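Structure first, then comments.
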Amino acid sequence: MTELAFQDQYADEYAHCYGCGRLNEDGMKLKSYWDGEETVCRFTADPKFSGGYPGFLYGGMIASLMDCHGAATAWAAKARTVQQEATRFVTASLKVDFRAPAPTNVELEVRGKINEIKGRKVVVDLTLSAAGKLCAEGSAVMVEIPINRQEG
Ligand SMILES: CCCCCCCCCCCCCCCC(=O)SCCNC(=O)CCNC(=O)[C@H](O)C(C)(C)COP(=O)(O)OP(=O)(O)OC[C@H]1O[C@@H](n2cnc3c(N)ncnc32)[C@H](O)[C@@H]1OP(=O)(O)O
Numbered sequence: 352m353t354e355l356a357f358q359d360q361y362a363d364e365y366a367h368c369y370g371c372g373r374l375n376e377d378g379m380k381l382k383s384y385w386d387g388e389e390t391v392c393r394f395t396a397d398p399k400f401s402g403g404y405p406g407f408l409y410g411g412m413i414a415s416l417m418d419c420h421g422a423a424t425a426w427a428a429k430a431r432t433v434q435q436e437a438t439r440f441v442t443a444s445l446k447v448d449f450r451a452p453a454p455t456n457v458e459l460e461v462r463g464k465i466n467e468i469k470g471r472k473v474v475v476d477l478t479l480s481a482a483g484k485l486c487a488e489g490s491a492v493m494v495e496i497p498i499n500r501q502e503g
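This note's numbering runs 351 ahead of the 1-based position in the sequence shown.
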């Protein structure tokens, strides 16, 4: 049986994100999974996402990968620990330290680790590596959308 990605378990109304929404035809459709107590997302960036120098990814894309994987990790952590269906997490805060250039055309590995779960808030520690080399690290504060939020 193939494991379902976290993002593929979001309700349809939460599945339109450019980064990871399965229903966004133009998006990147990032997929995140458990790997023991950590989570992992793998993505190879097309050279069209280069930064100022050919062959290396622009910083906004690095942040975007960490952001979407962080939101998905928060969702999965809530589902696993509280054992209740989560709605969808949005990013309240994202901090990224860029440690080394990240290449395009090379599989990148984004990893998440739960730092804190408190009420609707989940804090996720994140890294992004290429071929085992750390390129970026940071953390995200993710907040779950209350069920009635969409109704105003
Ligand atoms: C976008 C929403 C539309 C909703 C209507 C329709 C929804 C339809 C589905 C949409 C699905 C979209 C999915 C998109 C996924 C992305 O792309 S995220 C995009 C970027 N992020 C955003 O646009 C979020 C904009 N910000 C917000 O909506 C609100 O500020 C937030 C994040 C929901 C938080 O507001 P809140 O619900 O009033 O929560 P609040 O009680 O203030 O804080 C909860 C906890 O988080 C902490 N916290 C809050 N902000 C911060 C911060 N900046 N730094 C550190 N800690 C913080 C608080 O301190 C608190 O912690 P504790 O005191 O409990 O320890």
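Ideal Cβ positions, reconstructed from N, Cα and C, are used throughout, including at glycine.
Source: prediction; values computed, not measured.
Item                                                                                                                                                          : Value
With respect to the beta strand (DSSP E) encompassing A487, which residues constitute its N-terminal and C-terminal limits?                                   : 484-495
For M352, which residues of its own chain have a beta-carbon under 8 Å away from its beta-carbon, when the five flanking residues on both sides are left out? : Only weak support is given to the placement of M352: the predicted model assigns it a pLDDT of 48, under 50, and the value that follows is read from those uncertain coordinates. Excluding residues within five positions, none has a Cβ falling inside 8 Å.
Taking only three categories from DSSP, how would you classify T478?                                                                                          : strand
Comparing C-alpha positions only, which one of P452, E460, D418 sits nearest to Y404?                                                                         : P452
To which residues of the same chain is S415 closer than 7 Å at the C-beta, ignoring the five residues directly before and after it?                           : G370
Return the first residue and the last residue of the beta strand (DSSP E) that F395 is part of.                                                               : Checking the sequence shown, residue 395 turns out to be Thr, not Phe. Its beta strand (DSSP E) spans residues 389-395.
By a C-beta neighbour count over all protein chains shown, 10 Å radius and 16 as the cutoff for buried, is V447 buried or exposed?                            : buried
If you drop the 5 nearest sequence neighbours on each side, which residues of the same chain put their C-beta closer than 6 Å to that of A430?                : A437
What's the gap between the Cα of Q360 and the Cα of F449?                                                                                                     : 31 Å
I'd like to confirm something about K399: is its beta-carbon nearer than 7 Å to some heavy atom of ligand 1, or not?                                          : no
Please report the distance separating the alpha-carbon of G378 from that of H367.                                                                             : 8 Å
Just to confirm, are A443 and V475 a CB contact at a threshold of 8 Å?                                                                                        : no
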